[in-house]
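Have a look at the structure below, then the notes.
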Amino acid sequence: MSPRRAAELYRAPFPLYTVRLHPRRPLAITAGGGGAAKTGIRNGVHFLQLEQVGGQLSASLLHSHDTETRATMTMALAGDFIAAGQDADCHILRFSLQPPPGRSAAGRDAGGEKGPRKRKGPSAAAQGETQNQTSEVTVESLHSVRTDFSPDALQKAVRFNADCSLLVTGGADGFLRLWEFPSMKKTLEFKAHDGEIEDIALGPDNKVVTAGRDFQCCVWQRDQLVTGLCWNENLPGIPDKAYRYQACRFGAVEDNAGALRLYTVQVPHKRERRPPPCYLTKWDGRSFLPLLTRPCGSEVVSCLSVSDSGTFLGLGTVTGSVAIHIAFSLQRLYYVKEAHGIVVTDVAFVPESQRGRELLAGNEAALLSVAVDSRCKLHLLPGRRSLPVWLLLLLCAGLIVATILLLQLAFPGFL
Numbered sequence: 009m010s011p012r013r014a015a016e017l018y019r020a021p022f023p024l025y026t027v028r029l030h031p032r033r034p035l036a037i038t039a040g041g042g043g044a045a046k047t048g049i050r051n052g053v054h055f056l057q058l059e060q061v062g063g064q065l066s067a068s069l070l071h072s073h074d075t076e077t078r079a080t081m082t083m084a085l086a087g088d089f090i091a092a093g094q095d096a097d098c099h100i101l102r103f104s105l106q107p108p109p110g111r112s113a114a115g116r117d118a119g120g121e122k123g124p125r126k127r128k129g130p131s132a133a134a135q136g137e138t139q140n141q142t143s144e145v146t147v148e149s150l151h152s153v154r155t156d157f158s159p160d161a162l163q164k165a166v167r168f169n170a171d172c173s174l175l176v177t178g179g180a181d182g183f184l185r186l187w188e189f190p191s192m193k194k195t196l197e198f199k200a201h202d203g204e205i206e207d208i209a210l211g212p213d214n215k216v217v218t219a220g221r222d223f224q225c226c227v228w229q230r231d232q233l234v235t236g237l238c239w240n241e242n243l244p245g246i247p248d249k250a251y252r253y254q255a256c257r258f259g260a261v262e263d264n265a266g267a268l269r270l271y272t273v274q275v276p277h278k279r280e281r282r283p284p285p286c287y288l289t290k291w292d293g294r295s296f297l298p299l300l301t302r303p304c305g306s307e308v309v310s311c312l313s314v315s316d317s318g319t320f321l322g323l324g325t326v327t328g329s330v331a332i333h334i335a336f337s338l339q340r341l342y343y344v345k346e347a348h349g350i351v352v353t354d355v356a357f358v359p360e361s362q363r364g365r366e367l368l369a370g371n372e373a374a375l376l377s378v379a380v381d382s383r384c385k386l387h388l389l390p391g392r393r394s395l396p397v398w399l400l401l402l403l404c405a406g407l408i409v410a411t412i413l414l415l416q417l418a419f420p421g422f423l
């Protein structure tokens, strides 16, 4: 595997905890904070415009939305709505983009604040350029609901269902809560895990998969347990409580519209001097039977993402490394050791929409990673080289002719 390096796309003035990309706009949204009440470091949600500049993907800061004393730890997108997990609450924001007002970069943004207009990208030249014509972003706060009631309350996961009519939250108190969207009327809550809920995935028929710190990964239909997953049932040498579930995500299956896969990450429950490997498991997304399990390195995995087509998996680790695996075989295709040098808090693929393909510029995939080091980095997976069909046919024909000629030379009268 050839050496890789990650390009710094953007640097925030606070630690970053989450990143999402708009499916239809060339827009990345990052969020985080430094605990303003105690540290004085501001908290916010940043809107970044993505574009190709000189053959390289670049990011421009369009707008910074101040979240006061609340750091955003988790986030989900539904069109132009954001569900942001901030401490014990889920805040619903709506943003809109307006055409540029035709004034200089030194002017004020739609929120009345002075907004930076400097493009920051992987090249040094791009970092110094000034972007004079950008869209303006306005952000409106719609709702705020309490989503966690533990002593150290923290919403740790939030997801929308496919048609964005339902929002699901989970956190430190182990309760799963379902909300109608956009009204945010709570329709259901129940104790899903003894301990923190680490991650949530929503599948077909609004089945909910939850990964908890109690060594359980459960499939729910509303508040009824459908099944509990057992990733190591075919690995008898691994004790049940040696590993816990860290992340879960549903993904499509390339070239098979009716199929669905669930991916989970299992990490060691205890740290050891010689760390054991973490594992990736692929499941049938409807029967929830395990299909394949493979080790994915000894660095503890912190986050997981699946590309739109279901072709690739993105992983971040607590030591700052970033990897891309192919979903079919779980084989690693891309790896940058300590790309951040500190825990990677979230990863997200550039969407595979028409706008997304324009940003990919011939690359097979692009992954964004964010970390506590305040940086957003770009990881590109170049397109795999393939021969045109006509050239393959020509080579086959040439091989057949050469074989016949050799046989004729070796055995005169063969033809």
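Throughout the sequence shown, residue numbering follows my numbering, covering 9 to 423 in sequence. Every residue gets a Cβ at the ideal spot worked out from N, C-alpha and C, and that includes glycine.
Quiz item: Using a Cβ-Cβ cut-off of 7 Å (strictly less than) and excluding sequence neighbours within five positions of TYR342, which residues of its own chain qualify?
Solution: Mapped onto the sequence shown, residue 342 falls at position 334. So the qualifying residues of the chain are ARG12, ALA331, ILE332, HIS387, LEU389.
Quiz item: CB THR26 to CB MET83, shorter than 8 Å?
Solution: Here residue 26 is taken as the residue at index 18 of the sequence shown, counted from 1. Here residue 83 is taken as the residue at index 75 of the sequence shown, counted from 1. Between THR26 and MET83, the gap from beta carbon to beta carbon is short of 8 Å.
Practice problem: Can you tell me which of the three DSSP states ALA418 falls into? | Solution: By one-based count along the sequence shown, residue 418 stands at place 410. DSSP places ALA418 in helix when its eight states are reduced to three.
Quiz item: Tell me, which residues are paired with GLU197 by DSSP?
Solution: Working through the sequence shown from its first residue, we reach residue 197 at position 189. According to the DSSP secondary-structure assignment, GLU197 is paired through a beta bridge with ARG185.
Quiz prompt | Cα-Cα separation between TYR271 and LEU407, rounded to whole angstroms | solution = If you number the sequence shown from 1, residue 271 lands on position 263. If you number the sequence shown from 1, residue 407 lands on position 399. Within the model, the alpha-carbon separation for TYR271 versus LEU407 is close to 43 Å.
Practice problem: In angstroms with no decimal places, state the Cα-to-Cα distance between ILE311 and LEU414. | Solution: Residue numbering aside, residue 311 sits at position 303 when the sequence shown is read from its first letter. Residue numbering aside, residue 414 sits at position 406 when the sequence shown is read from its first letter. Residue identity differs from the one stated: residue 311 is Cys in this sequence, not Ile. Approximately 57 Å, taken between the alpha carbons.
Exercise. Under 6 Å Cβ to Cβ from GLN60, same chain only, skipping five residues before and after it: list those, please.
Key: Your numbering for residue 60 matches position 52 in the sequence shown. Taken in chain order, the residues that qualify are ALA369.
Practice problem: Put GLN254 into one of helix, strand or coil per three-state DSSP. | Solution: The residue given as residue 254 occupies position 246 in the sequence shown. Note: GLN254 maps to strand in three-state DSSP.
Quiz item: DSSP puts ASP74 in a beta bridge; with which residues?
Solution: On the sequence shown, residue 74 is found 66 positions in, with the first residue counted as 1. Under the DSSP definition of a beta bridge, ASP74 partners with GLY52.
Quiz item: Which term fits GLU76, buried or exposed, when burial requires 16 or more other beta carbons within 10 angstroms of its beta carbon?
Solution: For the purposes of this step, residue 76 is taken as residue 68 along the sequence shown, with counting starting at 1. When all chains shown are included, GLU76 counts as exposed.
Quiz item: So, helix, strand or coil for THR411, using DSSP?
Solution: Here residue 411 refers to the residue found at position 403 of the sequence shown. Note: THR411 maps to helix in three-state DSSP.
Quiz item: Relative to the alpha-carbon of ASN427, which residue among ASP95, ALA170, PHE198, ALA39 has its alpha-carbon at the smallest distance?
Solution: Given that the chain is displayed from residue 9 to residue 423, the structure contains no residue 427 and the question cannot be resolved.
Exercise. Note down the Cα distance separating VAL176 from ILE205, rounded to an integer number of angstroms.
Key: Counted from its first residue, the sequence shown places residue 176 at position 168. Counted from its first residue, the sequence shown places residue 205 at position 197. Our two residues, VAL176 and ILE205, have alpha carbons roughly 12 Å apart in a direct line.
Quiz item: According to the neighbour-count rule (16 or more other Cβ atoms, all chains shown, within 10 Å of its Cβ), is GLU148 buried or exposed?
Solution: As a position in the sequence shown, residue 148 is number 140, starting the count at 1. Counting other Cβ atoms within 10 Å of its Cβ, GLU148 stays below 16 and is therefore classed as exposed.
Quiz item: Taking C-alpha atoms, which residue in PHE419, SER382, PRO420 lies nearest to GLU16?
Solution: As a working mapping, residue 16 is identified with position 8 in the sequence shown. Of the residues PHE419, SER382, PRO420, the one whose Cα lies closest to the Cα of GLU16 is SER382.
Quiz item: Around the Cβ of ASP202, are there at least 16 other Cβ atoms within 10 angstroms (buried) or fewer (exposed)?
Solution: As a working mapping, residue 202 is identified with position 194 in the sequence shown. Around the CB of ASP202, fewer than 16 other CB atoms lie within 10 Å, so the residue is classed as exposed.
Quiz item: Does at least one heavy atom of the ligand COA sit under 7 Å from the Cβ of GLU346?
Solution: Summarising the ligand content, the structure contains no ligands, and the ligand COA is consequently not present.
Quiz item: Looking only at DSSP bridge pairs, what is ASN214 linked to?
Solution: By 1-based counting over the sequence shown, the position of residue 214 is 206. BP columns for ASN214 are empty, so no partner.
Quiz prompt | Residue closest to ARG230, alpha-carbon to alpha-carbon, out of THR195, TRP239, PRO244 | solution = By 1-based counting over the sequence shown, the position of residue 230 is 222. Of the listed residues, the one whose Cα sits closest to ARG230 is THR195.
Quiz item: Excluding sequence positions up to five away, which residues of its chain have a Cβ less than 6 Å from the Cβ of GLN94?
Solution: By 1-based counting over the sequence shown, the position of residue 94 is 86. Beyond the five residues adjoining it in sequence on each side, GLN94 comes within less than 6 Å, by CB distance, of ARG78, THR80 in the same chain, given in chain order.
Quiz item: If you follow the alpha helix (DSSP H) that LEU367 is part of, which residue opens it and which one closes it?
Solution: Taking the first residue of the sequence shown as position 1, residue 367 is located at position 359. Counting along the chain, the unbroken alpha helix (DSSP H) around LEU367 starts and ends at 362-368.
Quiz item: Can LEU105 and VAL53 be called in contact, C-beta distance under 8 Å?
Solution: The residue you call residue 105 lines up with position 97 of the sequence shown. The residue you call residue 53 lines up with position 45 of the sequence shown. No.
Quiz item: Considering only the beta carbon of each residue, do VAL352 and LEU375 sit closer than 8 Å?
Solution: To locate residue 352, count along the sequence shown from 1; it is residue 344. To locate residue 375, count along the sequence shown from 1; it is residue 367. Cβ atoms of VAL352 and LEU375: not closer than 8 Å.
Practice problem: Assign THR411 to buried or exposed, taking buried as 16 or more other Cβ atoms, counted over all protein chains shown, within 10 Å of its Cβ. | Solution: The residue given as residue 411 occupies position 403 in the sequence shown. So THR411 ends up on the exposed side.
Exercise. Tell me where the beta strand (DSSP E) around ILE90 begins and ends.
Key: On the sequence shown, residue 90 is found 82 positions in, with the first residue counted as 1. For ILE90, the enclosing beta strand (DSSP E) has its first and last residue at 89-94.
Quiz item: Can you give, in chain order, each stretch of the beta strand (DSSP E) that sits fully within the region 242-300 and has at least 3 residues?
Solution: For the region 242-300, whole beta strand (DSSP E) runs of length 3 or above, ordered along the chain, are 251-261, 264-276, 287-292.
Quiz item: Would you say LEU174 and LEU184 are within 8 Å of each other, going by their C-beta atoms?
Solution: Walking along the sequence shown from the start, residue 174 turns up at place 166. Walking along the sequence shown from the start, residue 184 turns up at place 176. Contact: no.
Exercise. State the start and end residues of the unbroken beta strand (DSSP E) segment that holds ALA335.
Key: Within the sequence shown, numbered from 1, the residue matching residue 335 stands at position 327. Counting along the chain, no beta strand (DSSP E) covers ALA335, and no H or E run does either.
Quiz item: Between the C-alpha atoms of GLU280 and GLU307, what's the straight-line distance to the nearest angstrom?
Solution: Residue numbering aside, residue 280 sits at position 272 when the sequence shown is read from its first letter. Residue numbering aside, residue 307 sits at position 299 when the sequence shown is read from its first letter. So the two alpha carbons sit approximately 12 Å from each other.
Self-check item: Candidates HIS151, ALA255, ASP160: closest to ARG102 by CA position
Solution: Here residue 102 refers to the residue found at position 94 of the sequence shown. Of HIS151, ALA255, ASP160, the residue nearest in Cα terms is HIS151.
Self-check item: For ASN371, the first and last residue of its enclosing beta strand (DSSP E)
Solution: Mapped onto the sequence shown, residue 371 falls at position 363. Secondary structure note for ASN371: its beta strand (DSSP E) is the uninterrupted segment 371-379.
Quiz item: Which word fits CYS404, buried or exposed, when buried means at least 16 other C-beta atoms lie within 10 angstroms of its C-beta?
Solution: As a working mapping, residue 404 is identified with position 396 in the sequence shown. When all chains shown are included, CYS404 counts as exposed.
Quiz item: Which residue or residues does DSSP assign as beta-bridge partners of GLU16?
Solution: Looking up residue 16 in the sequence shown gives position 8. Beta-bridge analysis with DSSP links GLU16 to LYS385.
Quiz item: Who are the near neighbours of PHE157 in its chain, counting only those whose CB is closer than 6 Å to its CB and skipping five residues on each side?
Solution: Start at 1 with the first residue of the sequence shown, and residue 157 comes out as number 149. Here PHE157 has ASP181 as same chain residues with Cβ atoms under 6 Å from its own Cβ, once five neighbours each way along the sequence are excluded.
Practice problem: Under the assumption that PHE223 contacts ARG252 (Cβ atoms under 8 Å), give the Cβ distance between them as a whole number of angstroms. | Solution: Counting from one through the sequence shown, the residue named residue 223 turns up at place 215. Counting from one through the sequence shown, the residue named residue 252 turns up at place 244. 5 Å between Cβ atoms; contact.
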